[in-house]
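Each remark here refers to the structure printed beneath this line.
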Amino acid sequence: MAVLKRLLSMLIVAVLILSLASCGTSYNTYSYKSDGSDIINPKNSSDKYRMINADSLELVTKSGFVELYLDKVSGGIAVKDTSVSEFWYSLPDQPGVKGACVLGLEVSKDGKLYRLNSQDNSAAFKAFKYEKQSKGVTVKYNISDSKDKPQISVPIAVTYTLQDGSLSVDISCKDLNKNESAKVESIELLKYFGATKEADEKDFLLVPDGGGALIHTGKETNKSKTYNFRVYGSDPSLGNQDVKPAIAPLFGNKKGSLAYGAIIMSGDSLATISATKASKNQYNTIGAKFDIIPAKESVSDGTVSKTVSSESYTGDITVYYRFLSSANATYSKMASACREQLIRGGVLSTKYIDEDKTPPVNLTLIGEAKKGTLFNKNMLTTIVQAQDIAERLKAKGVNSLNVRYTGMLEGGLGQTNLKNSRMLRRLGSKKELNEFYDYMATQGFGLFMDINILTASGPTAKAKGIDNKSSTVNIDNHLFDYLDFKSYKRKLTNASKIEDDILAFSNKMRNASITGYCINDAGHILYSDFRDEYIGREEAKNIIAQQIILLSSNRSTMAVNGNFYTLKNVEILTNMELKTAYEESSSYKSIPFIPMILHGMIDYSGKPLNLSEDYNKSLLISIEYGALPAFEWSYEAIESDDGKASIYYETWLNAAAKAYEDYEALFSTLRNARMTDHYEVQKDLMCTVYDNETFVYVNYSKEDVVYNSLKIKANSFLRVN
281 MAVLKRLLSM LIVAVLILSL ASCGTSYNTY SYKSDGSDII NPKNSSDKYR MINADSLELV
341 TKSGFVELYL DKVSGGIAVK DTSVSEFWYS LPDQPGVKGA CVLGLEVSKD GKLYRLNSQD
401 NSAAFKAFKY EKQSKGVTVK YNISDSKDKP QISVPIAVTY TLQDGSLSVD ISCKDLNKNE
461 SAKVESIELL KYFGATKEAD EKDFLLVPDG GGALIHTGKE TNKSKTYNFR VYGSDPSLGN
521 QDVKPAIAPL FGNKKGSLAY GAIIMSGDSL ATISATKASK NQYNTIGAKF DIIPAKESVS
581 DGTVSKTVSS ESYTGDITVY YRFLSSANAT YSKMASACRE QLIRGGVLST KYIDEDKTPP
641 VNLTLIGEAK KGTLFNKNML TTIVQAQDIA ERLKAKGVNS LNVRYTGMLE GGLGQTNLKN
701 SRMLRRLGSK KELNEFYDYM ATQGFGLFMD INILTASGPT AKAKGIDNKS STVNIDNHLF
761 DYLDFKSYKR KLTNASKIED DILAFSNKMR NASITGYCIN DAGHILYSDF RDEYIGREEA
821 KNIIAQQIIL LSSNRSTMAV NGNFYTLKNV EILTNMELKT AYEESSSYKS IPFIPMILHG
881 MIDYSGKPLN LSEDYNKSLL ISIEYGALPA FEWSYEAIES DDGKASIYYE TWLNAAAKAY
941 EDYEALFSTL RNARMTDHYE VQKDLMCTVY DNETFVYVNY SKEDVVYNSL KIKANSFLRV
1001 N
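In my numbering, the protein residues as written are 281 to 1001.
Rendered as structure tokens:
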């Protein structure tokens, strides 16, 4: 009997443990055919509800040279630039465009997915109303699956506010998903705002690919193509997502003499920016879709299986549109307008770089790393060796240097949880670090300890994914040729513990002999945490931004990659992606849009030049984009699989010294200058213009080029004042 009681007690305890283990946010699953044939779509309504009707436009308000109008039939809006007497329309101005809408919703109910929109499922039912305010108008939709006896009914309001010549578009999601039976999973906003069927040669859509890219809408194509960019990258807690990342929540549109730059100021971490380069007689479109409810999709045998969280975003979605016209309708002016708005919104700082300092070289040194098995540790650069490298660069004339020291904490490149991490004694003693820092400080050099604040190896408080399993992320090992493992599998930290971890680490390191920290993983990773109390991406974004302020207290700060929410207190940005994720073509071109926003405010560099396939071309791209030269080295002469020691420091000392010499001459008075223009002079010849009337020409061709009596040598550059 006693044994039975003991077994029963153990069983009860086990059940309790399992029930506790399964606590957290709940989720449900459903599936549909991957071709979308069983998704419930709206019936097409009359064209008058899916287009702007000029006769139905009513003036709402005006600000400067901009006027806001409301279409009383469709519920759409129009913005008029009175300086050129032309309009931006939120819907096409021609009939026959199926699916055109102000809002597109994906709603799940009873295991089925419905695609509804503001035109076919509200305006056509005469189920919207509007209220004017002094500076704008609120359009209130009731979006339902049918006019009579609807199964789904979603009240949602869009507020348009015109102020200082700019348009703010706002949606409150506070009460959006109070209906338990039908859930709004996503909202697509103003996809057709400024959509064009015909375009001039110089018209384009601007997307946040790498440093920025233009989709030239004036170039005809036989096949439509859509480009998607997940702001701040995919969410590891939602499984593997094959998406292109964007570090900035920005996009733009130019048509004729008009242009706008759009900035997502709230709900940015939920956004996917999508642009479609349309084939003939179709519309070129750009806009953003917001994931209100986290969901995970997997595709197998023609079926999409979807896991949907019970959690829902309850904050705001806010998108600002800054309007430009005539000579100002360029991507350089868009960058200026976006920078101004980002400063106003507190995303970027008002600080400018000290013009007296010469442009530095950004150098990453690898401390400890593993090679092969877990127990095969490599001391690639000790503290004494790191100082030796800095001294040798100094001896070669490098007078400005930032050293990012990676693999400096326990776990090396596979760093353990930040709270428990300590400096690796195997790399050197405290005395040696003090001597290294003293040398760097005396020279005016920067020494930055690389830290991961979101990921860890080994036991740690772990975040949970949407399925309540531990959330992990695979980080590509860009040193695969030298350290023979393809990726790091890292555990994501319990988001509610980030603040405690950083506070404990900061207290432990308050007397450390370093210039500051390099924020590694938070510059390119953002995730939801479904453990215990749910923390979504937007909340996690705000937590991380606040903690970077703490880490920046009385120290300089560097960041990797550069997700924009990390940048306000960052002075140096390294490993920023300058190349596009999508392949360039005659209608898809890379531009330095993000560099135009940041130049003069933050020092930035691209990927390490010594790790590129073409060193000279990568150097030229850095010069064209105003990016500092960057290298990544080890002191130990480890070799790649092909026998080339591309990270061995001695191989690259002279190249780094030459790059510094070139940059000192080229950017000596440009480091804190604003980049005001950028254009292609002719094939393979690019020009970047700065606000102190300096022109930098970059020649990518194999032949010397003569332009305006200026000779730009082959595969070289020229500065002209």
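C-beta atoms are modelled at their ideal positions from N, C-alpha and C, and glycine is treated no differently.
Query: Cβ neighbours of residue 939 in the same chain (closer than 6 Å, five flanking residues each side left out); Result: 909
Query: Residue(s) in a DSSP beta bridge with residue 968; Result: 958 and 976
Query: Rounded straight-line distance, which links the Cα of residue 446 to that of residue 621; Result: 10 Å
Query: Cβ neighbours of residue 808 in the same chain (closer than 6 Å, five flanking residues each side left out); Result: 515, 517, 574, 816 and 817
Query: 7 Å Cβ cutoff met for residue 1079 and residue 800; Result: Only positions 281 to 1001 of the chain appear in this structure, which leaves residue 1079 out of reach.
Query: Cβ neighbour criterion (16 or more within 10 Å) applied to residue 362; Result: exposed
Query: Limits of the unbroken beta strand (DSSP E) element including residue 798; Result: 796-799
Query: Spatial distance of residue 981 from residue 962 (CA atoms); Result: 11 Å
Query: Supposed contact pair residue 639 and residue 943 - C-beta distance, whole angstroms, cut 8 Å; Result: 5 Å
Query: Backbone CA spacing between residue 303 and residue 570 [nearest angstrom]; Result: The predicted position of residue 303 is uncertain, since its pLDDT is 47 and thus under 50; a value taken from the coordinates is nonetheless stated next. C-alpha separation (whole angstroms): 27 Å.
Query: Pick from 492, 798 and 605 that is closest to residue 643, judged by C-alpha positions; Result: 798
Query: Test item: CB-CB of residue 398 and residue 470 under 7 Å; Result: no
Query: Within the stretch 586-654, ranges of the beta strand (DSSP E) (whole runs, at least 3 residues); Result: 596-605, 641-646 and 648-650
Query: Classification of residue 873 by the beta-carbon crowding that lies within 10 angstroms, buried from 16 upward; Result: buried
Query: contact_flag[the stretch 493-505, the stretch 542-551] where n(CB pairs < 8 Å) is 3 or more; Result: no
Query: Beta-carbon gap between residue 773 and residue 738 smaller than 7 Å; Result: no
Query: Rounded straight-line distance, which links the Cα of residue 945 to that of residue 867; Result: 35 Å
Query: Spatial distance of residue 762 from residue 686 (CA atoms); Result: 16 Å
Query: Residue 857 versus residue 625 - alpha carbon distance; Result: 24 Å
Query: Bridge partners - residue 496, DSSP secondary structure assignment; Result: 484
Query: Burial state of residue 705 (16 or more Cβ within 10 Å); Result: exposed
Query: Backbone secondary structure at residue 792 - three-state DSSP; Result: coil
Query: Segment contact flag, the stretch 454-469 with the stretch 377-390, C-beta cutoff 8 Å, min 3 pairs; Result: yes
Query: CB of residue 660 within 7 Å of CB of residue 555, strictly; Result: no
Query: For residue 452, the first and last residue of its enclosing beta strand (DSSP E); Result: 446-452
Query: Extent of the continuous alpha helix (DSSP H) run through residue 827; Result: 817-831
Query: Pick from 732, 896, 853 and 859 that is closest to residue 882, judged by C-alpha positions; Result: 853
Query: Opening and closing residue of the beta strand (DSSP E) in which residue 714 lies; Result: Premise fails: residue 714 lies in the alpha helix (DSSP H), 710-723, not in any beta strand (DSSP E).
Query: When 549, 568, 782 and 530 are compared against residue 506, the one with the closest alpha-carbon; Result: 568
Query: Stretch-stretch touch, CB-based, cutoff 8 Å, three pairs: the stretch 769-783 with the stretch 669-679; Result: no
Query: Supposed close pair residue 618, residue 877 - CB separation, criterion 8 Å; Result: 6 Å
Query: Through-space distance from residue 551 to residue 335, alpha-carbon basis; Result: 34 Å
Query: Where residue 363 falls: helix, strand or coil (DSSP); Result: coil
Query: Per-residue DSSP class, three states only, for residue 431; Result: coil
Query: CA-to-CA distance, residue 375 to residue 356, given in whole angstroms; Result: 14 Å
Query: Neighbour-count burial assignment, residue 578, 16 or more Cβ in a 10 Å radius; Result: exposed
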